[in-house]
Amino acid sequence: MPEHDITSAAEALRLVQVSKTYGTGDNPVRALDDVSLSLAAGTFTAIMGPSGSGKSTFLQCAAGLDQPTAGRVFIDGAELTGGSETALTKFRRQRIGFIFQQFNLLPTLTVLQNVTLPLRLAGKRADRKRAIAILERVGLGDRIGHRPAELSGGQQQRVAIARALVTNPSAIFADEPTGALDSRSARTVLSLLAEAVREFGQTVVMVTHDPVAASYADSVIFLADGRIAGSLDRPTAETVAERMTHLGDAVTLRPAVGE
Amino acid sequence: MFGLAVRSLRHRTGGFVASFLSMFLGATVVMAFAALLDTAGGSGVDDVSEETLTTMALVVGGWGLVIVLFAVISTMTLSVRQRAGEMALLKSIGATPFQVGRMIVGEAAAVAVVAAALAILPAMGAGRLLLELLQNTDQVAEGISYGFGTAALSIGLGVTFLAAVSGAIVTARRATKQRAKEAMTAVTVEQARMSRKRVIAAIAFLAIGLNCAILTVALFDDKGIDAMQTAGQASIWFSIGLALFAPVLVRAVTAVLAGPLRLLGGISGYLAVENVRRRTQHMAGALMPIILFTGIATGTLYMQSIENAAPPAAGSSIPADEAQAIETLNFVVVGMLSVFAAILVINTLVAATTYRRREFGQQRLAGSTPPQVLSMVGMEGVVLAAAGVLFGSIGSIVTVFPYSLARTGELLPDTTIGIYVGIVSTAAVLTLASCLGAARKAIRVPAVQAVAV
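Protein chains in written order, with this note's numbering: chain A, 1 to 259; chain B, 260 to 712.
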């Protein structure tokens, strides 16, 4: 994957003055407020913030799951433009991999079928060998014929990681990937994400509220009230937790200031 | 718990539409025909008219009870299954299975009372039309005046209420037998095997149907319309037997269609095959009414069409005027069955498809475009329609061939293919339109919202 080489300064994700407003009329909610950022390819970034800070909205807008009200989003240099659901889906499945808190594997398909699904949907050959190699890599080589319901949460999330990796996307977006897992499974999942970045040059953007999860990333970007409220390189759980505490202060103070 | 039932009804009217509709239509039909008993009991009714009126009322009333019962079980089971989470919640906060059951029965009873009460006015009109029809075709004497009274009200309300409550009891037993945990996981892990009881019942129904077919040829050769006594039932029993075998039939048809679907349908065909294989129980639920509709409608309508085309038979014990009453009855029963089967097909498929909203969302997040989701659902519909039409047709054969043999000496009836084409296309259109309509609605929700639990 030379185009995703860690040493190249290629840009995997770029947001330019992105805003998202929910609701209309007298009481609009500004979930994202003029957010601009750029993430290099081959980096692992955590997006953190308290509840209601716009983390989920950020992920949905950046990953083409939702349309921003204003601003532009580029994935690997290609602009996400408004279009039909079909056009957006095609854009996403070409460039983006997803990992969700609730895994979102298809219950009727086996592990291997779930992993090859994105390839098949895109009309590509379902490369079984590659899919099996990735499943072995995430430690599920002996589970390829199982259905999701027969696996533990941690195993299901590893299937989801394999599914995200199989298309070799420009960016992988993970939404609270450890939110439904016990701490041991969570560590495995986070290590796999970090490995995908370090060894395969993948770009991972992870939304989380867990300082321990964030500490696996190269850097952390903090959101508060829909705005970027700072960042932190080479984070540890302690430094992240401390910053989060102060973010919380800022948020609770803000209404008082406004009054 | 009854208070809970009423509140639960008020907040989810949509879930009860199908139950309500089948109870309302059932009550209307049963009441309208029961009014014939009131009419027969009036003054100045001659013996022949009285017998025609009474027979019609009892036959349609009896079938009405069976059909409404079946419809209520089917629609209530679906609405309860969709609320598995709510049922589990009730149990977790301390509701006993008995209390949950009482809530389900209470809901059904409340819906039945409203449905039957609202059916009174339309039933009065329908009963009058029915009498006029019988008089215009000289099956009942002109001078008889219409009556709508105690018989109509008590039978109409009684049958509806009885069917609704017993249907609900069956549903409640099923629902409460499930443990909370199972209720939540039942969707993904389903047992592939049919219960012993079901297999025995299915074989028994098939045997009764076959027996009727053999009797038709053995006893009623050249006896004219008398042969309807056994021929008419044959397809009904046989179709019920086949419908009970639905899970097996779904698998068989899928095995045959899997190759072509994958070849022609690409990824959507591939997904459709996997879904049908993994959800035979769900698919079987939708297949049953399609088989019943196709089998019974084809059997009965062709039987009548053969009769109308055949020369009068010497050995018949039934006079011509009664033959006409039988024809009317045949059409009424088929009409009634068809309407109910249609409600069941639509309800089952719409509910099952809407229930998959989350799954469609997951699939879209994995990269499915909306057309890919729709074409997958469409192909599942094709499997269902093909299986329903195929086995429904087989179900009708046990009526059509023996009756034709008994009446004309030929195995294949010499009548129009038009009726069959009409029935088959109705079944296919109903199936596909229900699946696709519900799927279109289900994917209108953004994928991220659809997967949110």
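C-beta atoms are modelled at their ideal positions from N, C-alpha and C, and glycine is treated no differently.
The beta strand (DSSP E) enclosing residue i, as first and last residue numbers
i	result
A/V307	As displayed, chain A neither begins before 1 nor continues past 259, which places residue 307 of chain A out of reach and without an answer.
A/Q17	11 to 22
B/R538	That residue, B/R538, is in no beta strand (DSSP E); it is neither H nor E in DSSP.
A/R72	70 to 75
A/D37	Rather than Asp, the amino acid found at residue 37 of chain A in this sequence is Leu. Where A/L37 is concerned, the enclosing beta strand (DSSP E) stretches over 29 to 40.
B/I473	Here B/I473 belongs to no beta strand (DSSP E); instead the alpha helix (DSSP H) covers 455 to 478.
A/F200	Segment 183 to 200 is the alpha helix (DSSP H) holding A/F200; no beta strand (DSSP E) there.
A/F44	44 to 48
CB contact flag (residue i, residue j, <8 angstroms)
i	j	result
B/A706	A/L65	yes
B/A382	B/A316	no
B/L649	B/V512	yes
A/G71	A/V29	no
A/V215	A/F222	The question names Val, but residue 215 of chain A in the sequence shown is Ser. Not in contact: A/S215 and A/F222 (Cβ atoms no closer than 8 angstroms).
A/V189	A/T178	yes
B/I484	B/S564	no
A/V115	A/C61	no
B/S494	B/G594	no
B/I326	B/T430	no
B/D580	B/G406	no
A/I47	A/A171	no
A/A12	A/L37	no
B/T475	B/P630	no
B/L643	B/L560	no
A/L135	B/I526	no
B/A375	B/L603	no
B/S634	B/G518	no
A/T89	B/R623	yes
Run of the alpha helix (DSSP H) containing residue i, from where it starts to where it stops
i	result
B/R699	677 to 701
B/F650	629 to 667
A/A125	It should be pointed out that residue 125 of chain A corresponds to Arg in this sequence rather than to Ala. Premise fails: A/R125 is in no alpha helix (DSSP H) and is neither H nor E.
A/I96	Where A/I96 is concerned, there is no enclosing alpha helix (DSSP H), although the beta strand (DSSP E) it sits in stretches over 96 to 100.
B/D297	276 to 299
B/V373	356 to 395
B/A737	Because chain B spans 260 through 712 in this model, residue 737 of chain B falls outside it and cannot be assessed.
B/S246	Only positions 260 to 712 of chain B appear in this structure, which leaves residue 246 of chain B out of reach.
B/K482	From DSSP, B/K482 is part of no alpha helix (DSSP H); its letter is neither H nor E.
A/G52	Per DSSP, A/G52 belongs to no alpha helix (DSSP H) and is neither H nor E.
B/R623	616 to 624
A/A214	211 to 214
Chain-ordered neighbours of residue i on chain A, where CB pairs are closer than 8 angstroms
i	result
B/Y529	R120
B/S627	T89, L121
B/Q621	N104, L105, L106
B/I499	Within 8 angstroms Cβ-Cβ: nothing; B/I499 doesn't reach chain A, min ~29 angstroms.
B/V710	F100, Q102, N104
Contacts that residue i makes with chain B (C-beta to C-beta distance below 9 angstroms)
i	result
A/Q155	Simply none; closest approach about 15 angstroms.
A/R92	L624, G626
A/D66	P705, V707
A/L117	I526, L530, Q622, A625, G626, S627
Residue i beta carbon near the ligand NAD (any heavy atom closer than 7 angstroms)
i	result
B/L388	With respect to the ligand NAD, the structure offers nothing, as it holds no ligand at all.
Identity of the residues DSSP links to residue i by a beta bridge
i	result
A/R227	A/A224
B/I602	None; B/I602 has no bridge partner.
A/F173	A/F98, A/V205
B/A423	DSSP output for B/A423 lists no bridge partner at all.
A/L232	A/V220
A/A78	A/I75
Chain-ordered neighbours of residue i on chain A, where CB pairs are closer than 7 angstroms
i	result
B/N534	T108
Listed by chain order, chain A residues near residue i by CB distance under 9 angstroms
i	result
B/Q631	T86, T89, L121
B/V359	Those within 9 angstroms of B/V359 in chain A number zero; the least Cβ separation is about 25 angstroms.
B/V512	Within chain A, no residue comes near B/V512; the closest Cβ sits about 17 angstroms away, beyond 9 angstroms.
Within chain B, partners of residue i - CB distance below 7 angstroms
i	result
A/F98	L624
A/Q202	Neighbours of A/Q202 on chain B: none; closest Cβ ~17 angstroms, over 7 angstroms.
A/Q60	V707
Residue i: contacting residues in chain B (beta-carbon distance under 8 angstroms)
i	result
A/Q113	E533
* **alpha helix (DSSP H) segments (min. 4 residues) lying fully within the segment 302 to 348 of chain B** => Taking 4 residues as the shortest admissible run, the segment 302 to 348 of chain B contains the following complete alpha helix (DSSP H) segments, listed from N- to C-terminal end: 306 to 341.
* Let me know the alpha helix (DSSP H) ranges lying completely inside the segment 140 to 171 of chain A, each 4 residues or longer, listed in chain order. => Every alpha helix (DSSP H) of 4 residues or more that sits fully in the segment 140 to 171 of chain A is shown, in chain order, as 153 to 166.
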